[in-house]
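Chemist: Residue numbering for the sequence shown is -23 to -1, 1 to 641, as defined by mature numbering (1 follows the signal peptide of the UniProt record, and there is no 0).
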Amino acid sequence: MKKIVLNLFFLISIIMLVSQAFAAEPAIDYEPNNSPDTSYEVYNNSEVVSTISSKSDVDYYKFYINGIADINISLTSPQGLDYDIKMYNENYKEVAGSKLPGENVDLINKSSLSEGMYSIKVYSFKKTYSDAPYNLSIKINDSNAASKSNTGISEANNINTTMANALEVNNNTSFKAKVSRLNENRYYKFVLGNVSDLDISMIPPKSTDLDIKLYNACGLEAGSSTNKDGVEAISKRKLLPGTYYLKVYGHNYAFSSETFILSLKSAKSALKPNNTGVDGKDIVDDSSVIKESTPISQTSKNVPKALLLYVGQDLPPFTDEDLKKMLIDDPVNTKEFFIVDNGAQYNTYMDSFGEILDIVTPSKIDALTKDKIDSTGILDSIKEDYKKLYNKINRNNSLDYFSNEVFDLALRLIKTDPGVKITIAIPGTEFHALSEEFIEPVKNILIKGIKERLDQENPEYWKNNIRGYYFSTEGLPYYYTWFNPDKTIDFSNSIVKTMLSFSNEIHQVYNKEFSWIPYYGNSLKSKEYYNKDQAVRIGYIANRTNLFDYIIIQPSYYFKADQKNIPFVQNSSKSNMVLDINNDIVGGIKNSKTLVGAEMEIDARYNTMGDNVYKGYQERYSEYVKAFSSLNKETPVAFYAGTRDEFFTEDVYEAVKSFFRSIK
């Protein structure tokens, strides 16, 4: 009997030891990840252990495929439960799924998946749930995998000339590659799984000046090295986990048939024991890191409910008496203002010697290439259009002149009421495909320059009264600009690249907000032209990027009675995502933090005492009021009321006052 008891005790002990050795990994809470826009990002060869914790709980995970790849996904449900999986592409179209009954292991095996972002949904078939975890395995057999070893990349990287086509590499590696053509860039992508210290070095070919830049997952610059004819190095401490991009490029278009040597070394950061917050958790010192841009609107207490004030040549100016009426004597019921250009083309600026210089020149127009424009565009015709535009522009309409107008009105607004909040326009340009030419002059004159002038008056003015900047170009015209919806960093579009540069500057350098008031138009029904339509292009930017804190859609229905788009603008504003004519989410999903709102529109033709010729304007304006006065307090609103003289027409002024009162 003793022998049996001893053997039984020995057997139980062995079972306990084995069960401990093979105990399941503890479940990790990845919440919030119960919607596509809050998907938790996973990587190749990921093993996820988590739970379905309620009847309504579902879990979403996302991953990126670089190039062409095969994928194997498996889901093991907890004992006695039936969990299933679905897989979607970046347009949120289902591409695969598995709904095997009971405790069968659900499998998804897909071959030759194209490049892009994919998401996985884990859900309970019968709405049952448990504290017991499920196991999700994701394995990506990347066709580029052979080139990711530490031994080198050689010439396998012959397609990685854009950020969208960045070649994935190890975060600890060294390899050789080339920048072998004029104006060629090389992009590489890597992932940091922990808070990490990172050292990057690049040895260029002899007598060739190559430089490097580091970007985070949002495309924001996080570091650079621009030594002349020498070793380039970027060192970062306590970089946050996530995806990063590295760009190797020639200074002044330098290139060589010889190879450069690129090295990456990363290590998990050692956080100091005393570097803790009030909850006892480690604090990451990320002051030197430009993180993925979180629009400031997400931390602002109030979204803008703003009135547009127009300045420019040939426009009646706002007097001190006007400002006193608006803010003190007969308040218009808002202290938020956008100082806006009047659509004039500002193509010049003054150098330090007072000489007027062109921004876009005839030679730059001649140098325009086909890759900048849409497939429907005719290059020679576009060049001809741009030259006609260049010849008719008033060269005295300089950025310096506009800056003076903005500064003057902003200063007088602040001195009239210190509580005002001001957003400043970056003037639009009709040189669509050459938009990037305006980046540096605008940064120097309208952003840096206005800040310096306000600081001379009182540093508190910039800090307390300037809310941010507004991008005046109202759309992305398909004839003049190329737009690739699959390249969600900048959509291969000149205007979006310009937006991105300003967004980085305004958010990261100056900690201000960035807004856009694009024209919605009538969404086209033709599938062939879907990605060329204004509403669709606006939607991709609003729904898929964090370029802007606020995108406020202008219907133009007040001016164009045939554009019956108020319902679509209203629905977009209420749902905080841009919808197309079918009320579908443009881009298939909204994963940005941008807030979407609506623009009110009125002018002097709103005349309640006039004859019937104005009746249509009155009726259309009433539709705006009905649609947009009920928007919630977290929805941004802008109000177009024409020029100074139109705005101070009695009926218009009272209508504006009434609307702002109704949404307080």
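Ideal Cβ placement from N, Cα and C applies to all residues, glycine included.
1. Which one or two residues does DSSP pair with R163 in a beta bridge?
2. Going by DSSP, name the residue or residues bridged to Y95.
3. Report the residue ranges of all beta strand (DSSP E) runs contained in full by the stretch 455 to 528; include only those spanning at least 3 residues, in chain order.
4. If you draw a straight line from the alpha carbon of T626 to that of N542, how long is it in whole angstroms?
5. Among the candidates K98, Q56 and I45, whose CA atom is the shortest distance from the CA of S88?
6. Measure the C-alpha to C-alpha separation of N134 and D467 and round it to an integer number of angstroms.
7. Applying the 10 Å Cβ sphere with the 16-neighbour rule, what's the burial state of F491?
8. Between Y60 and V99, which are expected to be in contact by the criterion C-beta below 8 Å, what is the C-beta distance as a whole number of angstroms?
9. Should the stretch 365 to 379 be called in touch with the stretch 404 to 417, which here means at least 3 C-beta pairs below 8 Å?
10. In three-state terms, what does DSSP make of residue 643?
11. Across the stretch 229 to 240 and the stretch 149 to 166, are there enough close Cβ pairs to call them in contact, namely three or more that are closer than 8 Å?
12. Looking only at DSSP bridge pairs, what is Q531 linked to?
13. At 3 residues or longer, and completely inside the stretch 176 to 202: list those beta strand (DSSP E) runs for me, N to C.
14. So what's V309 in DSSP terms, helix, strand or just coil?
15. Identify whether S380 lies in helix, strand or coil by the three-state DSSP scheme.
16. If you follow the alpha helix (DSSP H) that E631 is in, where does it begin and where does it stop?
17. Can you grab the Cα-Cα spacing for the pair N442 / Y487, in whole Å?
18. Ignore the nearest five residues each way along the sequence and tell me which others in N137's own chain have a CB closer than 8 Å to its CB.
19. Quick one: give me the first and last residue of the beta strand (DSSP E) that G74 is part of.
20. Candidates Y37, Q56 and Y95: which alpha carbon is nearest D463's?
21. Any beta carbon of chain C sitting closer than 8 Å to that of V172?
22. Residues in the same chain with beta-carbon distance under 7 Å from I562, minus the five sequence neighbours each way, listed in chain order, please.
23. For L556, which three-state DSSP category applies?
24. Would you mind giving the Cβ-Cβ distance between T353 and S412, rounded to the nearest angstrom? I have them listed as a contact below 8 Å.
25. Output the boundary residues of the beta strand (DSSP E) element that contains G170.
26. Look at the alpha carbon of I180 and the alpha carbon of S212, and state the distance between them as a whole number of angstroms.
27. Can you give me the start and stop residues for the beta strand (DSSP E) that Y446 sits inside?
Modeler: Well, looking at it:
1. V225
2. F40
3. 490 to 493
4. 27 Å
5. I45
6. Unreliable positioning characterises N134 in this predicted model, as indicated by a pLDDT of 38, which lies under 50. The coordinate reading is nonetheless provided below. In a straight line, the C-alpha of N134 is about 21 Å away from that of D467.
7. buried
8. 6 Å
9. yes
10. An answer regarding residue 643 cannot be provided, because it is not within the stretch -23 to 641 covered by the chain.
11. yes
12. Y496
13. 187 to 193 and 198 to 202
14. coil
15. helix
16. E627 to S639
17. 13 Å
18. A143, L144, R163, Y164 and Y165
19. E71 to S75
20. Y95
21. Absence of chain C from the displayed structure is noted, only one protein chain being present.
22. N520, M554 and L556
23. strand
24. In fact, because the Cβ distance is near 19 Å, the residues do not count as touching under 8 Å.
25. Per DSSP, G170 belongs to no beta strand (DSSP E) and is neither H nor E.
26. 15 Å
27. I443 to F448
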